[in-house]
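Note that our numbering has the sequence shown beginning at 58, numbered continuously upward. Glycine included, each C-beta is placed from N, C-alpha and C at the ideal position. So the structure is just underneath, and the comments pick up after that.
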Amino acid sequence: MYRLIKLTEANDLRDFMNLACKCISDVGVHTDQNQIADAKSILGLMALDYNEPVKVVTEDEAFLKKLDKWAVDM
């Protein structure tokens, strides 16, 4: 399962990573430029380009619902 989100501020990135770290499942972040990062890795997340929405991929549906404030697919 996946969800498109838009992170615009550094605090958004920090809050997103903190949520991901609490998730039991793996969480990946994919960009349109085929970059992939582990959502639980601050260095991985900081290496991505956030000018466009990113795709968050995980099997944890409850985690995806927590991303409502950043969602662009609703």
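Buried or exposed for residue i, going by 16 or more other Cβ atoms inside 10 Å?
i      : result
Leu100 : exposed
Val113 : buried
Met103 : exposed
Ala119 : exposed
Met74  : buried
Thr115 : buried
Ala67  : exposed
Assign residue i to one of three DSSP states: helix, strand, or coil.
i      : result
Ile81  : coil
Lys112 : strand
Leu57  : Residue 57 cannot be examined here, being either before or after the span of the chain that is shown, 58 to 131.
Asp69  : helix
Ala119 : helix
Asp125 : helix
Do you know how far the Cα of residue j is from the Cα of residue i?
i      : j      : result
Lys63  : Cys80  : 19 angstroms
Arg71  : Ala128 : 16 angstroms
Asp117 : Thr65  : 24 angstroms
Ala77  : Asp69  : 12 angstroms
Asn108 : Leu124 : 18 angstroms
I believe residue i touches residue j by the beta-carbon criterion, under 8 angstroms. Please report the beta-carbon distance rounded to the nearest angstrom.
i      : j     : result
Val111 : Val86 : 5 angstroms
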